[in-house]
Amino acid sequence: MSEERKRILKMLESGAISVEEAEKMLEQVEESNFLSEHVEWEEFEKEEPQKQSTKKKVFDFLNNTVKKIKNADLDFNFGPSIDVSHVFFYQATTFNQLQLEIENGSVDVRAWDEEDVRIECKAKVYKVNDAEQAKKLLLEQLEVHLDNKDLKIKLESKKMKADLILYVPRRAYEEGKVRLFNGPISLKGFYVNTLNCKTSNGDIELQKMKGDEWEVKAVNSDIRLVDVNVKNSEVEALTGSIQVEGEFGKLDAQLVNGSIHCKWFGELGHTGFFKTTTGSIDLNLPPHRAIDGELKTTIGSIHCDLPEHYIIRSDSEVLKKQLHFQTKKEANATLFIEAETKTGSIKVKPIS
Numbered sequence: 053m054s055e056e057r058k059r060i061l062k063m064l065e066s067g068a069i070s071v072e073e074a075e076k077m078l079e080q081v082e083e084s085n086f087l088s089e090h091v092e093w094e095e096f097e098k099e100e101p102q103k104q105s106t107k108k109k110v111f112d113f114l115n116n117t118v119k120k121i122k123n124a125d126l127d128f129n130f131g132p133s134i135d136v137s138h139v140f141f142y143q144a145t146t147f148n149q150l151q152l153e154i155e156n157g158s159v160d161v162r163a164w165d166e167e168d169v170r171i172e173c174k175a176k177v178y179k180v181n182d183a184e185q186a187k188k189l190l191l192e193q194l195e196v197h198l199d200n201k202d203l204k205i206k207l208e209s210k211k212m213k214a215d216l217i218l219y220v221p222r223r224a225y226e227e228g229k230v231r232l233f234n235g236p237i238s239l240k241g242f243y244v245n246t247l248n249c250k251t252s253n254g255d256i257e258l259q260k261m262k263g264d265e266w267e268v269k270a271v272n273s274d275i276r277l278v279d280v281n282v283k284n285s286e287v288e289a290l291t292g293s294i295q296v297e298g299e300f301g302k303l304d305a306q307l308v309n310g311s312i313h314c315k316w317f318g319e320l321g322h323t324g325f326f327k328t329t330t331g332s333i334d335l336n337l338p339p340h341r342a343i344d345g346e347l348k349t350t351i352g353s354i355h356c357d358l359p360e361h362y363i364i365r366s367d368s369e370v371l372k373k374q375l376h377f378q379t380k381k382e383a384n385a386t387l388f389i390e391a392e393t394k395t396g397s398i399k400v401k402p403i404s
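Under the numbering used here, the sequence shown has 350 at position 298, and the numbering climbs by one with no breaks.
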């Protein structure tokens, strides 16, 4: 792998660039051309065969790289490990900001009906001689800081794999940041106003959560948002799947390779954007809402089964299928939907 490709993938993993930006930058490297941060999705179908072949090579390259990350033996290349554990316990906490940053392992944050915080850490420590040395190294390198405002946990060492379970008070949090290089993220049962979740390799699940501004991003991940209520959410992955269920104001879900499934409840939704390159899009929408939808696919089919919908515009060309529809509902607010895939089908149906 060239140094330039490594640099771009590192930027993607760290969150410095988006999936679309990485796609374009890698394509330009393939063509030995200048780098750009913008992807013109609408021009995809217009490219000459040589360009299409180049884009396919880029997608294949991204897929192969992700598979290498996914299948990497991160337990892994360091030899034998020693298992250790430790529990941190803090009473009568008042913090409203949560920040976790781990290289390898997992993060599981659960709300409970206590004002105390319990942090359970189980770790594999590599390149140590005994359990005493392993425990000492863990406590030296695992940073846990708690004050009236913040709870911060950080482990930068790549020679440890730390699985963390946090029990936090069931309260409203102003901000939450959870970042892993390798490992899954799970959050359950609390409100967080501003949320930023990122992992390069590992599933992300948010369950029974509420908030205002959320950003959930991954390189290789199955992302699930189940029973959530959020005003503005952005969900993005390079490869995997996106499954979202709940009440949303604005929802933006994007993949390069994979399918998107959405169950949209409630009355407050106003805007939804769904985009993937190779995968299907399945939308379940409230049947009683006024909906204005624009659906596009290059290779695939489009189906709209919403009751009382009528077609504004429909194109059924071989390499361009498009449907613009509206539902016959009298309502003060309309839910605007845009869904686009290159090689997949789009289905829109009433939520059951």
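Ideal placement from N, C-alpha and C gives every residue a C-beta, glycine not left out.
- Linking Gly-318 to Gln-374 through their CA atoms gives a straight-line distance of about 27 Å.
- Inclusion of Leu-337 and Leu-358 in the CB contact set at 8 Å is warranted, their separation being smaller than that value.
- Across the structure, Thr-393 and Glu-297 are spaced so that their CA atoms are roughly 20 Å apart.
- Cβ-Cβ distances below 6 Å link Leu-203 to Phe-147, Leu-150 in the same chain, with the five nearest sequence neighbours on each side left out; the list follows chain order.
- Straight across, the Cα-Cα distance linking Ile-312 with Ser-285 is about 15 Å.
- When secondary structure is reduced to three states using DSSP, Glu-184 falls in the helix class.
- The beta carbon of Gly-324 is closer than 6 Å to those of Leu-303, Ile-389 in its chain, skipping five residues each way along the sequence.
- A residue is called buried once 16 or more other Cβ atoms fall within 10 Å of its Cβ, and Tyr-178 is buried on that count.
- If you keep only unbroken beta strand (DSSP E) runs of at least 3 residues inside the segment 276-329, you get 323-328.
- If you look at Pro-132, you'll find it isn't in any beta strand (DSSP E); DSSP assigns it neither H nor E.
- Between the C-alpha atoms of Ser-209 and Glu-56 there is a straight-line separation of about 25 Å.
- Put simply, the backbone Cα of Lys-213 is about 33 Å away from that of Thr-328.
- Each residue's CA atom was taken as its position, placing Val-196 and Ala-144 some 16 Å apart.
- For Ile-134, the closest of Lys-187, Glu-172, Phe-140 by C-alpha to C-alpha distance is Lys-187.
- Excluding residues up to 5 positions away in sequence, Val-296, Glu-297, Gly-298, Asn-336, Ile-403 lie with their Cβ nearer than 8 Å to the Cβ of Lys-315 in the same chain.
- Beyond the five residues adjoining it in sequence on each side, Ala-183 comes within less than 7 Å, by CB distance, of Ile-134, Val-136 in the same chain, given in chain order.
- In terms of CA proximity to Ala-224, Thr-246 leads the group Thr-246, Leu-207, Asp-344, Arg-341.
- Beyond the five residues adjoining it in sequence on each side, Gly-157 comes within less than 6 Å, by CB distance, of Lys-213, Ala-214, Asp-215, Gly-235 in the same chain, given in chain order.
- DSSP, reduced to helix, strand and coil, places Ile-403 outside both helices and strands of the structure shown, so it counts as coil.
- DSSP places Arg-231 inside the beta strand (DSSP E), whose first and last residues are 224-234.
- Residues Leu-207, Glu-208, Ser-209, Met-212 of the same chain have their beta carbon placed closer than 8 Å to that of Gln-193, with the five preceding and five following residues left out of the count.
- For Thr-350, the uninterrupted beta strand (DSSP E) run begins and ends at 342-351, by DSSP.
- Ranked by Cα distance from Thr-330, the options Leu-320, Pro-221, Met-261, Ser-397 are led by Ser-397.
- Here the alpha carbon of Ile-343 sits roughly 25 Å from the alpha carbon of Thr-395.
- Listed in chain order, the beta strand (DSSP E) elements of length 3 or more contained wholly in the segment 189-268 are 195-198, 202-207, 212-221, 224-234, 237-240, 243-253, 256-259.
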